[in-house]
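Working notes for the structure below.
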Amino acid sequence: MTDGTGNIAVDLLIVGAGPVGLFGAYYAGVRKLSTAVLDSLEEPGGQITAMYPEKAIFDVAGFPAIKGRELVAQLLAQAAPHDPQYLLGHQAVGLERVVGDGEGAQFAVTTSEGTRIECRAIVITGGIGTFSPRPLPAGEEYLGRGLFHFVPDPTAYEGQHIVVVGGGDSALDWALMLEPIGKSVTIVHRRGEFRAHPHSVELLKASSVAMLTDAQVSAVRGEPDVAEVDVDIKGEISTLPCDKLVAALGFTANLGPLMEWGIDIQKRQIVVDTQGRTTVPGIYAAGDIVDYDGKVKLIATGFGEVATAVNNAAAYLNPKVSAFPGHLSDYAPEGGSPTA
Ligand SMILES: Cc1cc2nc3c(=O)[nH]c(=O)nc-3n(C[C@H](O)[C@H](O)[C@H](O)COP(=O)(O)OP(=O)(O)OC[C@H]3O[C@@H](n4cnc5c(N)ncnc54)[C@H](O)[C@@H]3O)c2cc1C
Numbered sequence: 001m002t003d004g005t006g007n008i009a010v011d012l013l014i015v016g017a018g019p020v021g022l023f024g025a026y027y028a029g030v031r032k033l034s035t036a037v038l039d040s041l042e043e044p045g046g047q048i049t050a051m052y053p054e055k056a057i058f059d060v061a062g063f064p065a066i067k068g069r070e071l072v073a074q075l076l077a078q079a080a081p082h083d084p085q086y087l088l089g090h091q092a093v094g095l096e097r098v099v100g101d102g103e104g105a106q107f108a109v110t111t112s113e114g115t116r117i118e119c120r121a122i123v124i125t126g127g128i129g130t131f132s133p134r135p136l137p138a139g140e141e142y143l144g145r146g147l148f149h150f151v152p153d154p155t156a157y158e159g160q161h162i163v164v165v166g167g168g169d170s171a172l173d174w175a176l177m178l179e180p181i182g183k184s185v186t187i188v189h190r191r192g193e194f195r196a197h198p199h200s201v202e203l204l205k206a207s208s209v210a211m212l213t214d215a216q217v218s219a220v221r222g223e224p225d226v227a228e229v230d231v232d233i234k235g236e237i238s239t240l241p242c243d244k245l246v247a248a249l250g251f252t253a254n255l256g257p258l259m260e261w262g263i264d265i266q267k268r269q270i271v272v273d274t275q276g277r278t279t280v281p282g283i284y285a286a287g288d289i290v291d292y293d294g295k296v297k298l299i300a301t302g303f304g305e306v307a308t309a310v311n312n313a314a315a316y317l318n319p320k321v322s323a324f325p326g327h328l329s330d331y332a333p334e335g336g337s338p339t340a
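As structure tokens, this is what we get:
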């Protein structure tokens with residue numbers, strides 16, 4: 001798939017590794033399409049990973065309840081036998097039409113990191129657009145040196161002094177998740193009240209997490225990694241030991257470069273037909289980024305849309321095959337039987 005320069009050539013490029021893009025990667029594999037999945041975030045899972053990894057989700061078919069983080073892990077596992085190539089930390093930026101024969105590349109997409117991906121079709125599952133974590137006003141230069149915007153692997157936090165900054169769902173989810181394993185966990189929020197789900201606020205109040213409200217991190221120190229932070233609480237400075245600083249201040253989302261791809265986008269939503277086709281042949285879209293009359297923005301809806309889009313893309317790439325993939329026992333991956 002790579003040409004030795006770091007550039008990539010695949011049948012299908014999926015833009016967005018949210019739940020919908022991850023399920024699309026599974027279906028692309030079923031259809032034997034070599035696939036790359038791009039996401040501007042460093043972690044897969046889209047809104048789930050960014051905003052509610054610890055929340056229970058009750059409306060995904062087949063799971064009476066599943067934690068966000070667990071659903072993302074299951075989606076990755078479902079796609080894994082087909083070996084999609086993930087490019088995380090890459091925003092899809094430029095789109096170029098490549099002149100090729102019927103079997104050749106139709107498009108070249110360039111990423112923010114300078115990688116060029118040649119592909120024969122594209123499925124855009126970009127959700128609400130590129131997410132950028134809001135930076136910590138003081139100390140953002142410690143990013144990767146003790147300062148993080150995500151907590152993908154809680155074991156790295158064991159026995160550590162942890163400071164979580166923020167007052168929303170992610171901040172509280174992470175503080176509560178880290179409480180049993182951290183040496184100390186402190187949450188710092190600039191307002192008097194938390195904005196998170198009331199149940200999470202109750203759990204926080206009943207926990208051993210130290211709550212500093214009307215407070216902000218005003219300085220971060222340590223060499224080379226974070227070692228302590230100053231917290232300004234209504235003008236009084238307190239210094240806390242801190243090995244891990246988690247800034248959960250929310251995200252800004254922006255459709256950005258996708259707006260320039262020549263696709264019909266109305267009110268920041270991509271227009272598609274019943275096959276998931278955009279107005280540019282060879283480019284499909286699914287999930288929260290797509291709108292039509294009666295659309296319900298849910299994970300379940302996106303799963304159906306991306307199954308339609310990827311299977312129709314497969315038929316577009318090979319007109320001899322049907323969009324209907326057949327019944328999937330024909331494609332069961334090794335060890336994929338529930339009784340295996
Ligand atoms: C707090 C909260 C709770 C929710 N609870 C539920 C629930 O209980 N049940 C439910 O069904 N739904 C729920 N939702 C909605 C659900 O999360 C979304 O419907 C779902 O995430 C949409 O998935 P998606 O893959 O289409 O988009 P997203 O999850 O938004 O993923 C899109 C991905 O595309 C990436 N991207 C965008 N543009 C680019 C680009 N140019 N280059 C590279 N990457 C790009 C983004 O970084 C992002 O990671 C909730 C949403 C929120 C905010």
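With the first letter of the sequence shown counted as 1, position 156 gets the number 156 in the UniProt record's numbering; the numbers rise by one all the way through. Where a beta carbon is used, it is the ideal one built from N, C-alpha and C, also for glycine. Since the model is a prediction, treat every value here as computed from it, not as a measurement.
By the Cβ rule, the segment 119 to 127 counts as touching the segment 13 to 33, because three or more pairs are nearer than 8 angstroms. Within the model, the alpha-carbon separation for Gly-146 versus Tyr-292 is close to 43 angstroms. The beta carbons of Val-231 and Leu-212 sit closer together than 7 angstroms. Residue burial is scored here from C-beta neighbours: Asp-59 has fewer than 16 other C-beta atoms within 10 angstroms and is therefore classed as exposed.
Ranking Leu-317, His-189, Ile-128 and His-327 by CA distance to the CA of Ile-48 puts Ile-128 first.
Non-local beta-carbon contacts of Met-51 in its own chain, meaning distances under 7 angstroms to residues more than five positions away in sequence, involve Asp-169 and Ser-170 in chain order. Where Ala-219 is concerned, there is no enclosing alpha helix (DSSP H), although the beta strand (DSSP E) around it starts and stops at 215 to 221. DSSP places Gly-94 outside any alpha helix (DSSP H); the residue lies instead in the beta strand (DSSP E), whose first and last residues are 92 to 97.
Remark: the C-beta of Tyr-27 is outside contact range of ligand 1, defined as less than 6 angstroms to any heavy atom.
For Phe-63, the three-state secondary structure derived from DSSP is strand.
Separation of Asp-153 and Glu-113 (C-alpha to C-alpha, rounded to the nearest whole angstrom) is 25 angstroms. When the alpha-carbon of Cys-242 is set against those of Met-259, Pro-198 and Glu-223, the nearest one is in Glu-223.
Sixteen is the threshold: when 16 or more other Cβ atoms of the shown chains lie within 10 Å of the Cβ of Phe-148, as they do, the residue is buried. Beta bridge pairing from DSSP links His-161 with Ser-184. A contact between stretches requires three or more CB pairs, one per stretch, nearer than 8 angstroms, and the segment 233 to 251 fails this requirement with the segment 262 to 270. Relative to ligand 1, even the nearest heavy atom lies 6 angstroms or more away from the CB of Ser-322.
Per DSSP, Gln-269 is not a residue of any alpha helix (DSSP H); the beta strand (DSSP E) it occupies stretches across 269 to 271. Taking a 10 Å sphere around the C-beta of Phe-324, we find fewer than 16 other C-beta atoms and assign the residue as exposed. Asp-39 places its beta carbon 7 angstroms or farther from that of Leu-95. Every beta strand (DSSP E) of 3 residues or more that sits fully in the segment 202 to 262 is shown, in chain order, as 210 to 212, 215 to 221, 228 to 233, 236 to 241, 244 to 247 and 251 to 254. The nearest non-hydrogen atom of ligand 1 is less than 6 angstroms from the C-beta of Ile-128. For the pair Tyr-157 and Gly-139, the CB atoms are not nearer than the 7 angstroms cut-off. Put simply, of Gln-160, Arg-190 and Gly-166 the residue whose alpha carbon is nearest the alpha carbon of Glu-179 is Gln-160.
Assigned with DSSP and collapsed to three states, Phe-148 falls in strand. In the displayed model, Leu-87 falls within a strand according to three-state DSSP.
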